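Structure record follows, encoded as structure tokens.
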Amino acid sequence: AFRRSARLSGIEVSLIVQISEKAREAKARGEPIIGLGTGEPDFHTPQHIKDAAAAAMAAGDTRYPPTAGTAALKAAVVEKFRRENDLVFTPDQILVSTGAKQVLFNAFFATLDPGDEVVIPAPYWTSYLDIVRVCDGVPVVVETSADDGFRITAEALRAAITPRTRWLLLNAPGNPSGATYTPEQLRAALAPLADHPAVWVLSDDIYEHIRFDGGPFVTTAACVPELRDRTLTLNGVSKAYAMTGWRIGYAAGPKPLIAAMTAAQGQSTSGACSIAQAAAVAALTGPQACVAEMVAVYRERRDLVCAALDAVPGLSCPPPGGAFYVFPSCAGLFGRRTPGGAVLTSAMDVATYLLEAAHVAVVPGEAFGAPEHFRISTASATADLQEACRRIAAACAALS
Ligand code: PLP
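For the sequence shown, the numbering used here gives the first residue as 2, with consecutive numbering after it.
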């Protein structure tokens with residue numbers, strides 16, 4: 002009989018995928034489902050980026066790339082960090098991988114021994130926990146509160162650190178909460194790390210460009226220079242340039258860490274697709290107006306969805322500082338009864354009700370360690386978002 006490895010036991014299809022599957026089945030039955038589950042830009046990849054890929058293919062750029070990334074893309078990444086983040090790296094401090102997700106995998110695979118701990122603030126991107134577990138690590142989830150803007154506090158961080166802690170994983174703007182930090186807030190939150198020199202920081206900056214708060218972008222290596230020698234800065238082209246399918250992410254950090262991650266990558270993918278890397282060079286070095294145009298649309302959508310949902314009794318939806326999600330609290334609906342007679346007691350109940358009654362697929366907060374909220378992706382067509390908000394309001398009004 003088939004037997005899974007112990008490493009994979011307990012790693013199941015994520016709640017996000019489960020809801021998407023349910024939505025897909027309902028759609029197949031002919032129900033007018035609006036899917037707001039997945040976090041992926043609805044825009045096309047900008048034309049100049051596609052052209053660069055076509056040119057690379059035509060020029061025969063079709064052979065094994067160097068494991069850590071092509072010289073051209075590593076140079077573009079070095080330049081990106083210098084230009085946008087005031088961070089100076091050498092090419093041997095850069096790793097290009099098959100999506101930001103594989104950077105995370107490489108980092109944990111290369112550094113965690115069984116039982117090593119990774120501190121992860123909740124709400125978190127679902128995959129963080131499973132990637133840590135697959136790499137034999139132990140995720141240590143730290144609660145944050147909506148009142149603190151879903152930012153980790155110094156007290157909570159200090160309390161979470163043990164002799165087994167290897168990493169703190171930060172993500173701002175955050176998926177799903179959209180949380181961002183000011184430089185002062187980040188420095189204050191990370192202050193306990195001064196007493197714990199063995200703890201490294203992984204800063205997942207994938208939503209760097211999708212920000213509405215007007216402030217400067219804040220990343221640990223630049224904002225807290227004392228931590229720079231133990232920080233891995235993670236980014237990628239998926240979200241900012243509508244390039245989710247190209248699978249290019251990258252990271253910068255201390256040489257020994259990058260070398261270990263490169264060794265891990267060498268025995269898994271041998272490096273990211275050469276053609277996609279050529280496209281990523283065009284994304285990072287080409288005109289940047291496409292990013293601002295998409296962000297302006299995400300902002301409009303954020304504003305319209307937050308205004309519509311915040312007006313619904315039982316929902317609370319303050320506008321997030323970044324990323325393309327809104328993350329309303331639905332705790333005000335708990336205890337209410339559906340027309341079918343069921344009592345709503347969790348975000349999962351609310352998401353299930355919205356799928357059945359409003360034909361709108363959202364992701365329940367349980368998927369992110371935030372059981373009083375649900376997530377709506379605003380990387381969805383504006384007309385769909387407007388219609389979804391009308392239906393959610395009607396479904397909530399039908400509760401008794
Ligand atoms: N990090 C966060 C916080 C994300 O939300 C995602 C995608 O959903 C990723 C990383 C993965 O990005 P990529 O598509 O480049 O693997």
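Think of the CB as a built atom: it goes at the ideal place given N, C-alpha and C, for glycine as much as any other residue.
Note that the structure is predicted; figures quoted are calculated from it, not measured.
Top-ranked residue by Cα proximity to Ala395, from Ala359, Val363, Gly272, Phe44
Ala359
As assigned by DSSP and simplified to three states, the class of Asn176:
Reduced to three states, the DSSP call for Asn176 is coil.
Is it the case that the CB of Thr245 approaches a heavy atom of the ligand PLP more closely than 7 Å?
yes
Any heavy atom of the ligand PLP within a distance shorter than 7 Å of the CB on Gly250?
Gly250 Cβ: within cutoff of the ligand PLP.
From Leu310 to Thr353, what does the alpha carbon distance come to, in whole angstroms?
17 Å
Residue(s) in a DSSP beta bridge with Asn107:
DSSP output for Asn107 lists no bridge partner at all.
Check whether the segment 130-144 and the segment 107-117 are in contact - that is, three or more C-beta pairs closer than 8 Å.
yes
For Ala253, the nearest candidate out of Lys81, Arg337, Pro33, Tyr65 (CA to CA):
Checking every option, the nearest Cα to that of Ala253 belongs to Lys81.
CB of Ala111 within 8 Å of CB of Ala265, strictly:
yes
Spatial neighbours of His210 within its chain, please: CB distance less than 7 Å, with the 5 preceding and 5 following residues excluded, ordered by chain position.
So the qualifying residues of the chain are Ala241, Val292, Val296.
Just how far apart, CA to CA, sit Gly272 and Arg302?
36 Å
Ala56: which of Glu294, Ser15, Ala277, Pro319 sits nearest, CA to CA?
Ala277
Buried or exposed: Met404, going by 16 or more other Cβ atoms within 10 Å of its Cβ?
The structure shown does not extend to residue 404, since the chain is modelled only from 2 through 401, so no value can be given for it.
Lys75, buried or exposed, once every other Cβ within 10 Å from all chains shown has been counted against 16
With 16 or more other Cβ atoms within 10 Å, it is buried.
With DSSP collapsed to three states, give me the class of Glu388.
helix
Beta carbon of Asp149: closer than 7 Å to some heavy atom of the ligand PLP?
no
The ligand PLP and Ala101: does the residue's C-beta get closer than 7 Å to at least one heavy atom of that ligand?
With a threshold of 7 Å, the Cβ atom of Ala101 counts as near the ligand PLP, since some heavy atom of the ligand is closer than that.
Could you check which residue in Val351, Ala324, Pro257 has the C-alpha nearest to that of Ser330?
Val351
Given this structure, state the Cα-to-Cα distance separating Ala108 from Ala27, to the nearest angstrom.
38 Å
Please tell me whether, using a cut-off of 7 Å, the distance from the CB of Gly333 to the nearest non-hydrogen atom of the ligand PLP is below it.
no
Our contact map puts Leu361 next to Ile393 with C-beta atoms below 8 Å; I'd like the distance itself, whole angstroms only.
The question names Leu, but residue 361 in the sequence shown is Val. Contact flag correct, Cβ pair sits at about 6 Å.
Are at least three pairs of beta-carbons, each pair with one atom in the segment 368-381 and one in the segment 279-291, less than 8 Å apart?
no
Is the beta carbon of Ser275 within less than 7 Å of some heavy atom of the ligand PLP?
No, the beta carbon of Ser275 sits no closer than 7 Å to any heavy atom of the ligand PLP.
Can you name, in chain order, every residue of its own chain whose Cβ lies under 7 Å from the Cβ of Arg212, other than the five neighbours on each side?
Pro174, Thr181, Phe218, Gly322, Gly323
What residues match up with His374 in a beta bridge as DSSP calls it?
Ser330
Does the ligand PLP have even one heavy atom less than 7 Å from the beta-carbon of Trp402?
The shown model of the chain, from 2 to 401, leaves out residue 402, and the question about it has no answer.
Over what stretch of residues does the alpha helix (DSSP H) that includes Ala252 continue unbroken?
Segment 250-253 is the beta strand (DSSP E) holding Ala252; no alpha helix (DSSP H) there.
Tell me whether the beta-carbon of Ala183 lies closer than 8 Å to the beta-carbon of Val202.
Contrary to the premise, residue 183 reads as Thr rather than Ala in this sequence. Taking 8 Å as the Cβ cut-off, Thr183 and Val202 do not qualify as a contacting pair.
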